[in-house]
Amino acid sequence: MSQSQSTIDAILASAPRRRAIGGPAIFQALYNYAVKQPVGFGAAVVIFGVILMALLAPYITPYPMNYIPDKPDVLAGASQAHWFGTDQYGRDVYTRLVYGARVSMYVGVGATLISTIFAATIGLTAALVRGWVDTLLVQIIDVIQAIPAIILLVAILSTIGSSLTNIVLVLSFRASFVSARVVRGAALSLAQEPYIEAAKSVGANNIRTIIRHLLPNVAPVLFVLMSVSVSQNIITEASLSFLGYGVKDPTTTWGAMVGRDSWTYMISSPGLLLVPTVALVITVLAVNLFGDALRDHLDPRLRGR
Numbered sequence: 001m002s003q004s005q006s007t008i009d010a011i012l013a014s015a016p017r018r019r020a021i022g023g024p025a026i027f028q029a030l031y032n033y034a035v036k037q038p039v040g041f042g043a044a045v046v047i048f049g050v051i052l053m054a055l056l057a058p059y060i061t062p063y064p065m066n067y068i069p070d071k072p073d074v075l076a077g078a079s080q081a082h083w084f085g086t087d088q089y090g091r092d093v094y095t096r097l098v099y100g101a102r103v104s105m106y107v108g109v110g111a112t113l114i115s116t117i118f119a120a121t122i123g124l125t126a127a128l129v130r131g132w133v134d135t136l137l138v139q140i141i142d143v144i145q146a147i148p149a150i151i152l153l154v155a156i157l158s159t160i161g162s163s164l165t166n167i168v169l170v171l172s173f174r175a176s177f178v179s180a181r182v183v184r185g186a187a188l189s190l191a192q193e194p195y196i197e198a199a200k201s202v203g204a205n206n207i208r209t210i211i212r213h214l215l216p217n218v219a220p221v222l223f224v225l226m227s228v229s230v231s232q233n234i235i236t237e238a239s240l241s242f243l244g245y246g247v248k249d250p251t252t253t254w255g256a257m258v259g260r261d262s263w264t265y266m267i268s269s270p271g272l273l274l275v276p277t278v279a280l281v282i283t284v285l286a287v288n289l290f291g292d293a294l295r296d297h298l299d300p301r302l303r304g305r
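Numbering (the numbering used here), first residue to last: 1 to 305.
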């Protein structure tokens, strides 16, 4: 083996690697995270509780989502039969809150997963290839970010319709390019590292270089982006529903409960507005706190910024 080949192998061997965690190590990692980041761990418990509530909606609610009794008790207060009261049609608010969590989390998590995949692909490719690909990406991002988010989303949904699938796709479309800029910035410095040049010199193509070297080392950035994106998507969906461009009846979301269901009765029955609003605030706050704690845990250099 030549000396130059030995040097290249040494550089590749020194490239940062993130070990996979499995078995008992997972519980040890969770324990360490809970000790170092108690606020973040508490936020993670809240998020897990919301997701569990959404998944078990048919089993923990006393009524179907849009059930209206033969003799509805309209705008009733909290009682044993209706923990959070009823709406203007006599539907159980607690039931609709739980089912609304299912749709809101589906939109938040679904749009986040799609946008993260595209953002990682676009950002890492642009950082490694550079040239006209990088220039075109930056220009597209500038154009998209120049348009106010809510106006862009309303314009697209007005054209293609505001179904649940369309809302997820539209939210992920804009978030893909916005997040791609962050991923690109994180990958630009990594692309200049010696182990990247060494990988290219031994014949590694761009796909292999991205998957094996760039992606594992921008993973902390992607995790933080995902935590922020989930809360942003939930808030954006709530805003769209409030404006009338969200999911249509009979499907309900927390944003729809705040928008189309409660504002008319906010004086006579304030619980219709307060219940979904508090659920939104707690969930979004938990996601943001978890994202901050995750950022500090994965990259202590960013702590306090």
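Here a beta-carbon is modelled for each residue, glycine too, at the ideal position from N, C-alpha and C.
Residue i and residue j closer than 8 Å at C-beta
i: V170; j: L153; result: yes
i: R91; j: Y59; result: no
i: R102; j: M257; result: no
i: V224; j: G271; result: no
i: L137; j: I114; result: no
i: T283; j: V50; result: yes
i: S229; j: T86; result: no
i: N233; j: V129; result: no
i: V287; j: S241; result: no
i: V143; j: A186; result: no
i: S176; j: F118; result: yes
i: L215; j: A120; result: yes
i: S162; j: K248; result: yes
Supposed close pair residue i, residue j - CB separation, criterion 8 Å
i: R184; j: A127; result: 5 Å
Straight-line gap, residue i to residue j (C-alpha atoms, nearest Å)
i: A76; j: V93; result: 10 Å
i: A238; j: G246; result: 8 Å
i: G100; j: T252; result: 5 Å
i: V133; j: Q139; result: 10 Å
i: S189; j: V218; result: 11 Å
i: T116; j: I235; result: 18 Å
i: L280; j: A54; result: 14 Å
i: M266; j: L124; result: 48 Å
i: W83; j: T264; result: 21 Å
i: A81; j: Y89; result: 16 Å
i: Q37; j: L285; result: 16 Å
i: G304; j: D296; result: For G304, the pLDDT reaches just 48, beneath the cut-off of 50, and the residue's location in the model is therefore unreliable, leaving the point undetermined.
i: V347; j: D73; result: This structure gives no information on residue 347, because the portion of the chain shown stretches from 1 to 305.
i: S227; j: G131; result: 31 Å
i: G40; j: N32; result: 12 Å
i: T277; j: A34; result: 28 Å
i: W254; j: G42; result: 22 Å
i: P62; j: Q145; result: 44 Å
i: A155; j: I141; result: 18 Å
i: V275; j: L294; result: 29 Å
Exposure of residue i, with buried meaning 16 or more beta-carbon neighbours within 10 Å
i: I160; result: exposed
i: G22; result: Low per-residue confidence applies at G22: pLDDT is 45, beneath 50, and the placement is therefore not dependable, though the value from the model is reported in the following sentence. Exposed: under 16 other Cβ atoms inside 10 Å.
i: L56; result: exposed
i: I151; result: exposed
i: G244; result: exposed
i: F48; result: exposed
i: I147; result: exposed
i: S158; result: exposed
i: L52; result: exposed
i: S269; result: buried
Sheet register partners of residue i (DSSP bridge)
i: D92; result: T86
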